[in-house]
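Inspection log for the structure reproduced underneath, given as structure tokens.
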Amino acid sequence: MLASVGASAAPTRAEITWEISRNGIMLAEAVDVLESDGRSYTITSQWKGRGALGLLGDARVASRGNVMSGGLRPDEFEDVRTGRNPARARFDWSANLLTQQYKGPAQSVPMPPHAYDRLTQLYGFAFGAPERGPMPMNVADGRGVSAYAFQIAGRETLKTLAGEFETLKVVKRKEHPEDRATEIWLAVKQHHLPVRVLVVDKEGTRIEQVATRFSAR
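FYI, the numbering for the sequence shown is 202 to 418, going by this note's numbering.
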């Protein structure tokens with residue numbers, strides 16, 4: 202699903218601090234760390250609630266797997282949050298099985314095509330730049346699988362607290378009017394790493410995360 206459109210070399214380490222807001226009101230701060238030796242990768246995302254959400258505790262989301270010629274291939278994913286059952290997904294590529302567990306026993310299904318988890322969905326662009334055509338993804342989060350297709354929407358200059366970036370914007374294709382809109386801004390000169398994400402649901406609620414600190418090599 203990924204091909205070169207002027208991508209810089211894949212990163213060996215990146216750390217991005219995010220401010221997450223809902224309709225302009227800050228909800229949380231997150232720190233994402235990606236590390237790769239060119240063969241394998243790990244990504245962790247640590248969330249701390251702010252304001253009213255601070256009462257709900259913290260969250261840790263993690264993914265590990267392999268670096269392939271066209272992007273990232275996850276082996277394990279987990280989402281652990283205060284006051285909620287952990288959600289886990291295991292990708293068994295040799296057996297072609299996806300096993301997920303959230304509440305109750307684990308359940309296995311055939312591996313869907315274009316399988317990702319929530320973190321490789323976002324950071325996979327750093328290991329193979331977006332294609333010009335539709336980019337299908339089946340994203341597992343331990344609770345289920347969601348089907349998406351992204352496409353390039355153009356370039357923008359984006360100013361954030363982390364700096365000014367030349368970005369490539371990719372957007373999720375909406376198959377139905379009630380589908381959530383998702384837009385991702387990727388820093389072209391910084392390995393196509395994400396620097397802004399915006400999700401808008403059918404009610405118009407805006408969930409946005411914007412980079413406030415950024416480092417990559």
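Virtual Cβ for every residue (Gly too), placed ideally from N, Cα, C.
Bear in mind that the values here come from a model prediction, so they are computed numbers and not experimental data.
- Runs of beta strand (DSSP E) with 3 or more residues, each lying fully within the stretch 250-322, are found at 259-269, 272-282, 288-293, 298-302, 308-311 and 316-318, listed in chain order.
- With a threshold of 16 other beta carbon atoms within 10 Å, Met269 falls short and is exposed.
- Going by DSSP, Val389 is part of no beta strand (DSSP E) at all; its letter is neither H nor E.
- Rounded to the nearest whole angstrom, the CA to CA distance from Thr300 to Gly345 is 10 Å.
- Going by beta carbons, Thr321 and Ser264 fall inside the 8 Å limit.
- Contact check for Pro287 against Glu279 passes: the beta carbons are separated by less than 8 Å.
- Per the coordinates, the alpha-carbon of Glu220 lies some 33 Å from the alpha-carbon of Met312.
- In this structure the stretch 384-392 lies against the stretch 320-338, because at least three pairs of beta carbons, one per stretch, are closer than 8 Å.
- With a threshold of 16 other beta carbon atoms within 10 Å, Thr368 meets it and is buried.
- Remark: C-beta atoms of Leu394 and Ile217 approach each other more closely than 8 Å.
- By a beta-carbon distance limit of 8 Å, Arg381 does not contact Gly343. Their separation comes to about 19 Å.
- In the same chain as Thr383, and ignoring 5 residues on each side of it, the C-beta atoms closer than 6 Å to its own belong to Lys373 and Val400, in chain order.
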